[in-house]
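Worksheet for the structure shown next.
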Amino acid sequence: MTDKKIELLAPAKNKECAFAAINAGADAVYLGAESFGARKKAGNSIEDIKEIVEYAHKFLVKIYVTVNTIIFDNELDDVEKLIWQLYEIDVDAVIFQDFSFFEMNLPPIALHASTQCNNDSLDKIKFLKQLNVERVVLPREFSLKEIKNVTENVDIETEVFIHGALCVSYSGQCYFSDYVGGRSANRGECAQPCRRKYSLVDDRGNVLLEKQYLLSMKDNNLSAHLKELICAGVTSLKIEGRLKDKEYVTNVVSYYRQAIDSISKTLKASEGEIITSFVPNPDKTFNRGYTNFYFDGKRKNFINPLTPKFTGEKIGTVKSVQSVKGKSVVIDSKHNLNPGDRLAYFDRNNDLTGTTVKTVNKTAIEVLDASSIKQGTVLYRNYDSLFYKSLNSAEFKRKIPVKIFADNKKIVIKSFDNNQITYEYKEDFETANNIEKAKDTIAKQLAKLGDTEFFAKETVIDEAFNLFIPVSKLNEIRRVAVNQLVLKSKKNYKFQRRDTKIEYKDYPFNVLDYSFNISNTKAKDFYEKCGCNIKQLGKQWAPEHTECSNITLMKTKHCLRDFAGICLKKSKDTRKLFLIDEYGKKYPLNFDCKKCIMKIEITDI
């Protein structure tokens, strides 16, 4: 087991979620500014980010801001200005995608290479290291073996997704949403066409799979592999979910905080003890079923073809529908349901629908609407009212433990990293008439840390202590000492700073096409200085928005040949395959079996 600190990195769509993540035990939080983040609907003002930073840094929690869209020429000045603003409010790092960053006049703020950079090779990652990039976010598709290959061969921080929604495409390499609706994933506007129904057909017109969610990935869950990732030398364990609500963030962060602490409590990369009685359960909040994706390097069922929604836990099968206005059903299990629970089921069209529990009577439950429920319907609970009641009423406090010491000469209050304040008496205090009472008073008064971020973990009063110090004076000493401790902690906060001077090294690839997403003149200049021949600019090139030819809409580790049982490594079935969407649009599928990659192509360009 490594003795290196391991960062638990949590998402936040807004200030409320950020504070929830910090209080639930995150070591770092990532969120978007008002623009240029890969989740356009999850932006935050500079004022809110500043407030988050000030709270987070009390506990050595780091704040990273996403500026990870591709950038157009008319936006370059605004991006540069934004990054300076983030630097001035003490943001710890900026997560980027566009290589125009290296041609801008930027402050020495740390840079993290987003997964949108398509960091899929050791050579690319080594190149990023030469640019003084502090951290690289590894592709979700990487196996443990590939992760180790990076940590063992490049001296750079690594960030790995451990929980949450999975993009079916390699990040930064999906043009599907842009193609079908003009909403670019590389501009933070993905419309998620992967969560729609498709049919799989062959070149003879045969339908192999009809109207299923053939590209809808299950959610990532590597909770069973945390120790392997820690031992592999990963720096940061990342939860996906910048569009998720406070309840999701609190539950999932709390779960992983406890999971990491159960491996070793010395791994935590921030400070502060989490005080709560809440018992987390990620199965209770939104998920599409779980997969560990390609973590073990083995192909398996990555998708949920039935629905992209949250099905929930299986409750039982309907035995009968009673004739109380068609709203009461009897099920065959000890369901433990409660009023307010929400139930999901597949209707006669095989679409996931739902209803809400009104009353419970033994095995019979009354629901708001049972009109499409019939005998044999399988019911799932996707909202547990008691769990959410527990979650929403739970109190999460994050407190920094301090040690308090007092003798006849001084009072010392000490927190982490040797941050301590010493108050040496200037007053001539009288000898106490009741020494034991005096000791008890000083211990109690100094420990009254109330609404501050501190709590007295240990209070030691020297055996020889015999002074009478008035309560009012003790309160004054405590207030002054705590204020000074806060200032000292802030002063001693350690930032990672980037050397902004770079040397232009040869990029690992000489000829660059649209897939490198070069969409402004600064990025173009950068790549040319690195010896690149730019064959095609990015698919979107401001202000012209020029279309490229020969576009691969998506490349993915998910293989529909394998899913349909005709993998070319196991079968001689070489027929061509196509996806057809709900509107009849046909997309050819191309298979790189050596790399186990499927590509979705375009027919009409």
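Residues in the sequence shown are numbered from 82 upward in steps of one, following the working numbering.
Every residue, glycine too, gets a C-beta built ideally from N, C-alpha and C.
Output yes or no for whether 8 Å exceeds the beta carbon distance between residue i and residue j.
i      : j      : result
ASN301 : THR232 : no
ALA136 : LYS636 : Note that residue 136 is Tyr in the sequence shown here, rather than Ala. Contact flag unset, no.
PHE101 : LEU112 : Phe is not the amino acid found at residue 101; the sequence shown has Ala there. No; because the gap between Cβ atoms is not below 8 Å, this pair is not in contact.
LYS518 : THR503 : no
HIS639 : VAL261 : no
ALA191 : ASP171 : no
ILE176 : THR150 : no
VAL334 : THR366 : no
LEU89  : LEU660 : no
THR512 : LEU527 : no
SER471 : ILE481 : no
TYR668 : ILE681 : yes
PHE510 : LEU548 : yes
PHE374 : LEU247 : yes
VAL735 : LEU530 : Here the chain covers residues 82 to 686 and nothing more, so residue 735 does not appear.
LYS478 : ILE356 : yes
VAL410 : ILE384 : no
GLN254 : ASN199 : yes
LEU307 : ALA645 : no
ILE494 : LEU460 : no
PRO386 : LEU295 : yes
ARG642 : ASP284 : no
GLY245 : GLU321 : yes
GLN742 : GLN166 : In the structure as shown, the chain begins at 82 and stops at 686. Residue 742 is therefore absent and cannot be evaluated.
LYS94  : LYS325 : yes
With H, G and I counted as helix, E and B as strand and the rest as coil, what does DSSP make of residue i?
i      : result
GLY245 : strand
ARG221 : coil
GLN456 : coil
ASN230 : helix
GLU291 : strand
LEU467 : helix
HIS416 : coil
GLN526 : helix
ASN200 : coil
PRO363 : helix
GLN565 : helix
GLN501 : strand
PHE546 : coil
ILE206 : helix
LYS571 : helix
PHE427 : strand
ARG560 : helix
LEU387 : coil
LYS521 : Here the sequence assigns Asp to residue 521, which means Lys is not the residue at that position. Three-state DSSP puts ASP521 in a helix.
PHE100 : helix
ILE686 : Any answer about ILE686 is weak, because its pLDDT of 43 lies below 50 and its placement is not dependable; what the coordinates show is given next. Here ILE686 sits in coil by DSSP.
PRO274 : helix
ARG77  : Residue 77 cannot be examined here, being either before or after the span of the chain that is shown, 82 to 686.
ASN489 : coil
Using a 10 Å radius around the Cβ and a threshold of 16 neighbouring Cβ atoms, would you call residue i buried or exposed?
i      : result
ARG145 : The residue asked about is misnamed: residue 145 is Tyr in this sequence, not Arg. Buried is the call here.
GLN456 : exposed
LYS369 : Inspection of the sequence shows that residue 369 is occupied by Arg rather than by Lys. With 16 or more Cβ atoms within 10 Å of its Cβ, ARG369 is classed as buried.
GLU352 : buried
PRO220 : buried
LEU449 : exposed
GLN211 : exposed
THR398 : exposed
VAL288 : exposed
GLU625 : Any reading at GLU625 must be qualified, since the residue scores a pLDDT of 47, below 50, and its modelled position is unreliable; no value is offered.
PHE153 : buried
SER452 : exposed
VAL360 : exposed
ALA107 : buried
Closer than 7 Å: is that where the CB of residue i sits relative to any heavy atom of the ligand FMN?
i      : result
ALA191 : Ligands displayed in this structure: none; no statement on the ligand FMN is therefore possible.
Taking only beta-carbon positions, decide if residue i is within less than 8 Å of chain C.
i      : result
ARG656 : This model lacks chain C altogether, as it is built from one protein chain only.
### Message
Any contact between the stretch 373-388 and the stretch 339-348? By contact I mean 3 or more CB pairs, one from each, below 8 Å.
### Response
no
### Task
Kindly confirm or deny that the stretch 590-606 and the stretch 572-581 touch, where touching means at least three C-beta pairs closer than 8 Å.
no
### Query
Is it a yes or a no for the stretch 223-230 touching the stretch 311-320, going by three-plus beta-carbon pairs under 8 Å?
In this structure the stretch 223-230 touches the stretch 311-320; the number of beta carbon pairs closer than 8 Å is three or more.
### Query
When the Cβ atoms of the stretch 206-219 are set against those of the stretch 237-251, are three or more pairs found closer than 8 Å?
yes
### Task
Would you list, in sequence order, the uninterrupted beta strand (DSSP E) runs of no fewer than 3 residues that lie entirely inside the stretch 153-182?
174-177
### Task
Identify every run of the beta strand (DSSP E) within the stretch 595-660, keeping only runs that are complete inside it and at least 3 residues long; order them along the chain.
Qualifying beta strand (DSSP E) stretches, in chain order: 633-637.
### Task
For the stretch 650-662 and the stretch 601-611, state whether three or more C-beta atom pairs, one from each stretch, are separated by less than 8 Å.
no
### Query
Counting Cβ pairs, one atom from each stretch, are 3 or more of them under 8 Å apart for the stretch 418-432 and the stretch 457-472?
yes
### Message
Quick test of the definition: if touching needs 3 or more C-beta pairs under 8 Å, does the stretch 324-332 touch the stretch 263-270?
### Response
Too few Cβ pairs lie closer than 8 Å, so no.
### Runs of beta strand (DSSP E) wholly within the stretch 283-344 (minimum 3 residues, chain order)
288-293, 300-302 and 317-320
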